[in-house]
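The opening position of the sequence shown corresponds to residue 4 in our numbering, with each subsequent residue numbered one higher.
Worksheet: one structure, shown below.
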Amino acid sequence: MSVPLIAAGTDLVEPVATEGRLVLAALLGIGVIVVLIIAAKVHPFLALTGGALTVGVVAGVDVETAIASYTTGFGATAAGVGILIALGAMFGKLLADSGGADQIVDTIIGHASPRALPWAMAVVGAIIGLPMFFEIGLVLLMPVIYLVARRSGQSLVTIGIPALAGLSAMHGLVPPHPGPLTAIDYLHADLGTTLALGVAVAIPTVIIAGPVFGLVGRYVDVPVPHRFEGQPDENAAARPSFVVTIASVLLPVVLMMGKALADIFIDDATDPLRRTLDVLGTPLIALALAVVVGMFTLGGRMGRDGVSKSLESSLPGVAGILLIVAAGGGFKQSLVDTGIGTIVAERVADSNISVLVLAWFVAVLIRLATGSATVATVTASGLLAPLTAQLSSGEVSLMVLAIGAGSVFFSHVNDAGFWLVKEYFGMSVGQTLKTWSAMETLLSICGLVFVLGLNLVI
């Protein structure tokens, strides 16, 4: 017999079964995802699909209804977040192919003293990480990390950890990365507010987890690999200038923050300035404008064919991410439509547990189990979405950041990023755990602490 579901897309719905059965459905759904990813080595897209269908079937929903719920969530997420991820990938590829990323790195490093190099690398990592995915940013930065460590005579860890902290903080805390964007979409948070608060949390977090923690590098002897040694940059003269590159990178950020400020300080919703800023600051418009402007500011010397090839080649690399995020939307909708989130919301309301701590903790558990920050973010956001009904706009944004902080907790052997860092730095598993994994854990905890601190004042 088919169990009717309340319309997909609503956050608080009537549970379709008993509390015990729904809790079992959620646990089995998450368990299926974990087992398929870790033990069976199944792609997260398929694992999330299997987990979503498991939730529906175990909860007592017939297969047809469970599939309908999943596809509704999948389509809604792909239509919303998917477009933004694609635009972000296009801009990031333009930034890399034009030499703009190299220009940012070389300019900042060239003006830093030896003692300030770790701090400069943190800035470089954050700036490069703002429009790029972690893996892409790491690949771009590694030649620079090698070069700076080799020339300065400092430990590869001392130079590299701050850059990785900047990259990782942007990945977990600051949109337009897929994780924060997805959480914003699921929790109906304001993007501009989340962006502003994310930057406020990211700055002190990067300082502590980056340059300060990077001092541990003196105790971890890692020789600089000979990769990329002695390779002159023949295209340096063709790069866009530093000022033009920075302006291009910050354009969507400024537009989105302008919308947030207009909503705060201009009460009249019909005011022409506010309406203009609201349109320009819409994530889709802001990122689309960044790509269009970047085609000229960054791609001006690449030629039409070069720009076209760069934009075309940007999309295959994010196809997997798009599928994972969209499948996460389907899993989230399965949780919502069965009423599991409603039960969680009721239990939290009856307890003294901080919603922000709970959001962080749930993301941590899923991150430890699956090794994926994106899976942790989309799963935690979907499970806890009903809790936002009792929160203010600022608190919802902080909940997004708490989930983002939890999603980067303790990268270990089930995380592809762990092995990427290990191989690039030429470290043993033990050294990687002491440096990279410890830094990620510190970054996650500091992020939570600063989120809780902001919650006291907003």
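Each residue gets a CB set at the ideal place from its N, CA and C atoms; glycine is no exception.
This structure is a prediction, so every number in the text was calculated from the model and none was measured.
Which whole-angstrom value describes the C-beta separation of residue i and residue j, a residue pair presumed to lie in contact below a C-beta threshold of 8 Å?
i	j	result
Gly302	Leu97	6 Å
Ile406	Ala366	5 Å
Gly169	Gly132	6 Å
Val204	Phe453	5 Å
Leu387	Ala419	That pair is no contact at about 25 Å.
Leu190	Val403	6 Å
Ala166	Leu318	Not really, about 27 Å apart at Cβ, beyond 8 Å.
Nearest to residue i by alpha carbon, out of the options?
i	options	result
Ala329	Gly76, Val58 and Met430	Gly76
Gly220	Thr438, Gly456, Ala129 and Ser354	Thr438
Thr52	Ile70, Val61 and Ile41	Ile70
Ala212	Ser447, Leu455, Asn458 and Ile41	Ser447
Ala129	Val151, Met93 and Ala172	Ala172
Ile148	Pro121, Gly132 and Glu138	Pro121
Leu451	Gln106, Ile40 and Gly201	Gly201
Val339	Gly23, Ala29 and Thr21	Ala29
Leu457	Tyr222, Thr196 and Val151	Thr196
Leu287	Lys262, Asp266 and Ile269	Lys262
Ala289	Phe137, Ile88 and Val151	Ile88
Val294	Val19, Asp271, Leu253 and Asp274	Leu253
Phe94	Leu436, Glu315 and Val460	Glu315
Thr74	Gly132, Ala99, Thr380 and Lys335	Lys335
Gly323	Val454, Ser251, Gly32 and Pro181	Pro181
Leu184	Val381, Glu426, Gln434 and Leu390	Val381
Gly333	Thr345, Thr285, Val177 and Ala55	Ala55
Leu141	Val460, Ile461 and Phe421	Phe421
Gly320	Ala392, Val246, Ala123 and Phe137	Phe137
Val347	Val26, Val19 and Ala20	Val26
Gly297	Ile369, Val358 and Pro243	Pro243
Gly245	Gln106, Gly102 and Ile461	The question names Gly, but residue 245 is Phe in the sequence shown. Among Gln106, Gly102 and Ile461, the Cα nearest to that of Phe245 is on Gln106.
Is residue i helix, strand or coil by DSSP?
i	result
Thr382	helix
Ile269	coil
Ala42	coil
Arg242	coil
Pro235	Its pLDDT being 47, under 50, Pro235 is placed unreliably by the model, and the measurement read from it follows with that caveat. Pro235: coil per DSSP, three-state reduction.
Glu17	coil
Asp188	helix
Leu280	helix
Ile448	helix
Thr285	coil
Ser155	helix
Ile210	helix
Phe453	helix
Met93	helix
Asp224	coil
Asp65	coil
Gly303	coil
Phe137	helix
Phe216	helix
Val247	helix
Val411	coil
Val37	helix
Asp100	helix
Pro179	coil
Leu459	coil
Val416	coil
Val204	helix
Leu292	helix
Leu144	helix
Ser400	helix
Ser317	helix
Asp308	helix
Leu198	helix
With residue i as the anchor, note down where its alpha helix (DSSP H) starts and where it stops.
i	result
Ala362	Val358 to Thr373
Met173	Leu159 to Leu176
Asn355	Segment: none, Asn355 is in no alpha helix (DSSP H) and carries neither H nor E.
Ile111	Gly103 to Gly113
Pro121	Leu120 to Gly132
Ala82	Here Ala82 belongs to no alpha helix (DSSP H), and DSSP marks it neither H nor E.
Gln336	Ala322 to Thr341
Pro47	Pro47 to Val61
Phe421	Ala419 to Phe428
Gln393	Gln393 -> no alpha helix (DSSP H), and no H or E assigned at all.
Thr435	Val432 to Thr435
Quick check: does the Cβ of residue i come within less than 7 Å of any heavy atom belonging to the ligand MG?
i	result
Gly53	What this structure holds is no ligand at all, so the ligand MG is not there to describe.
| field | Cβ pair count under 8 Å reaching 3, the stretch 149-159 against the stretch 352-362 | value | Output reads no: the stretch 352-362 does not touch the stretch 149-159.
| Looking at C-beta atoms only, is the number of pairs between the stretch 302-315 and the stretch 81-88 that lie closer than 8 Å three or more? | By the criterion of at least three beta-carbon pairs nearer than 8 Å, the stretch 302-315 is not in contact with the stretch 81-88.
| Pairing CB atoms from the stretch 245-257 with CB atoms from the stretch 222-231, are three or more of them under 8 Å? | Touching, no.
| query | Is the stretch 374-394 close to the stretch 409-420, with three or more CB pairs under 8 Å? | reply | Short answer: they touch.
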